[in-house]
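Asks: What follows is a structure written as structure tokens; I'll ask about it next.
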Amino acid sequence: MLRKLSRRFRALPVILIFLGTAAAVALLMSLAPEPESREPPPRIPFAQTGVASIGSGAIPVHGFGTVRPSAEVDIAPQVGGRVVWVDPGFLSGNRVSEGQTLFRIEEADYWVRVQEAEAALAASRVAVLREEEQAAIARAEYEMYASRIGSTSRAQANPLTLGEPQLAAARAAVDRDEGRLAEANLALSRTQVVAPFDGFVRNESVDVGQVVSPGQPVARLFASRSAEVAVPLSDADAALIPGLWRLGNTSGQGGVAARVSARFGTSTYEWDGYVDRSESFLDAETRTIDVVVRVPDPYGIASRSADADPPLLVGKFVDVEIEGFSDEPYFRIPRAALQSGDEVWAVSEGSTLRIVPVRVLLRANDEVFVVGDLEDNQAVVTGGLQFATPGMRVQTGDQ
46 MLRKLSRRFR
56 ALPVILIFLG
66 TAAAVALLMS
76 LAPEPESREP
86 PPRIPFAQTG
96 VASIGSGAIP
106 VHGFGTVRPS
116 AEVDIAPQVG
126 GRVVWVDPGF
136 LSGNRVSEGQ
146 TLFRIEEADY
156 WVRVQEAEAA
166 LAASRVAVLR
176 EEEQAAIARA
186 EYEMYASRIG
196 STSRAQANPL
206 TLGEPQLAAA
216 RAAVDRDEGR
226 LAEANLALSR
236 TQVVAPFDGF
246 VRNESVDVGQ
256 VVSPGQPVAR
266 LFASRSAEVA
276 VPLSDADAAL
286 IPGLWRLGNT
296 SGQGGVAARV
306 SARFGTSTYE
316 WDGYVDRSES
326 FLDAETRTID
336 VVVRVPDPYG
346 IASRSADADP
356 PLLVGKFVDV
366 EIEGFSDEPY
376 FRIPRAALQS
386 GDEVWAVSEG
396 STLRIVPVRV
406 LLRANDEVFV
416 VGDLEDNQAV
426 VTGGLQFATP
436 GMRVQTGDQ
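Going by the numbering used here, the first residue of the sequence shown is number 46, and it counts up by one from there.
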């Protein structure tokens, strides 16, 4: 028992020293001055920016559409009969020339009609000569009779007596038979079916021995001299095309310049064209206006060479750029710089933001043409910010 007490008394000084040290440390900490509290510096957000470039006058209007022929017709004979000859080149996909004979119908029946009409006309002419002779005799007899009775007035003579209506009928018969002969010759000429214009055969279904009827379509032909692209545009985009509503009243290539581009394989090819006209109505579903761009010589026939570019095929989906025009200066900005509500966040001096309301002239694929209180080569925010307030400071890539 005494040993245990002696051990406890020996540990007591150590405990007292520990407690004293702890109390001294606590006293020093309580007497030490509190450190000054410093607010962290404000964080300036980083903004991605693009450049606003000023422009005036020409402004490209972009669109797209499908190539279609400028003219396309069904080939049908105007007379019926058995087909006796077909041009070997009159096949689907081949090119034909204006006036080229595509196929012929048997002519025998039509030659007979011509000969019959010629015979009838000859008989009618003989009848006219006979009636003229008879009328001359009747007139002479009447004048002899009138001289014997002392009358000098021919008004008393009956026209039938003088043979006048008979002569008029004979002359009318000549006119009738001349018309029938012309009709027979026309039918004979129509046994040869010709191409109405330079073009390509889309499809054909005629062969030797086939009997065709008047008006029966046997092929389809589309023009090769020019092609068209109907480009659907909003009314705002169409308004940038100068003189659009007057273009349909002009002819030739005096329209607004346009360029058509299409991909073949891995390459892109371009064709020059012009705005030919616009449709006179809005599409009921898309509320757009179809502006028709015409491309001359889409198949390169006039400039065909060994290393010719591929043709602008009918049915090809293409991009179209029309040379529009703006009467007022505009700014070209990246598409991402246009914020909701048609606003642009412009970076001013001191890297502060200015919120600029703009009016959109044209939206292109990767840029927008706007009118507003901007400056040439001014930085505009394209990303990195969720919101903006006037005077807000930002960091840009130039800093």
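Ideal Cβ positions, reconstructed from N, Cα and C, are used throughout, including at glycine. This one's a predicted model, so the numbers in the text were calculated from it and none came from an experiment.
#1: Need the endpoints of the alpha helix (DSSP H) that T146 sits in, please.
#2: R235 by DSSP, collapsed to three states: which one?
#3: Okay, do the region 325-345 and the region 270-280 touch, 3+ Cβ pairs below 8 Å being the bar?
#4: Based on Cα-Cα distance, which residue from R308, L327, S271, F309 lies nearest to D321?
#5: Go ahead and pull the three-state DSSP assignment for N478.
#6: Between which residues of its own chain and F376 is the CB-CB distance below 6 Å, once the five residues before and five after are set aside?
#7: Which value, in whole angstroms, describes the spacing of the CA atoms of A164 and D222?
#8: Identify whether V263 lies in helix, strand or coil by the three-state DSSP scheme.
#9: Sort S250, Q123, S169 by Cα distance to R265 and report the nearest one.
#10: Please classify A351 as buried or exposed, where buried requires at least 16 other C-beta atoms within 10 Å of its C-beta.
#11: Does DSSP put L327 in a helix, in a strand, or in coil?
#12: Smallest Cα separation from G318: which of D328, V363, A329, D282?
#13: Write down every uninterrupted run of the alpha helix (DSSP H) in the region 96-139 whose length is 4 residues or greater and which is fully enclosed by it, in chain order.
#14: Return helix, strand or coil for E366, following the three-state DSSP convention.
#15: Are the region 246-263 and the region 107-124 touching by the rule of at least three beta carbon pairs closer than 8 Å?
#16: Determine whether the beta carbon atoms of G386 and F91 lie at a separation below 8 Å.
#17: Given D280, which residues of its chain have a CB within under 7 Å of its CB, disregarding the five upstream and five downstream residues?
#18: Quick check on the burial criterion: 16 or more other C-beta atoms within 10 angstroms. Buried or exposed for F432?
#19: W390: buried (16+ other C-beta within 10 angstroms of its C-beta) or exposed?
#20: To the nearest whole angstrom, what separates the beta carbons of G102 and F370, a pair I think is in contact under 8 Å?
#21: Going by alpha carbons, who is nearest to S142 out of E177, G108, A218, F245?
Replies: The relevant details are as follows:
#1: Looking at the DSSP string, T146 is not in any alpha helix (DSSP H); the run it does join, the beta strand (DSSP E), is 146-150.
#2: coil
#3: At 8 Å Cβ cutoff, the stretches touch.
#4: S271
#5: Residue coverage of the chain in this structure runs from 46 to 444, which leaves residue 478 outside it and unanswerable.
#6: A97, I99, V415, L419
#7: 9 Å
#8: coil
#9: Nearest of S250, Q123, S169 to R265, Cα basis: S250.
#10: In this predicted model, A351 has a pLDDT of only 46, less than 50, meaning its place in the structure is not dependable; the value taken from the coordinates is given anyway. Looking at its Cβ environment, which holds fewer than 16 other Cβ atoms inside 10 Å, A351 is exposed.
#11: strand
#12: V363
#13: Taken in chain order, the whole alpha helix (DSSP H) runs of length 4 or more contained in the region 96-139 number zero.
#14: E366 carries a strand assignment under DSSP once its states are collapsed to helix, strand and coil.
#15: A contact exists between the region 246-263 and the region 107-124.
#16: no
#17: I334
#18: exposed
#19: Around the beta carbon of W390, a 10 Å sphere encloses 16 or more other beta carbons of the protein chains shown; the residue is thus reported as buried.
#20: 6 Å
#21: F245
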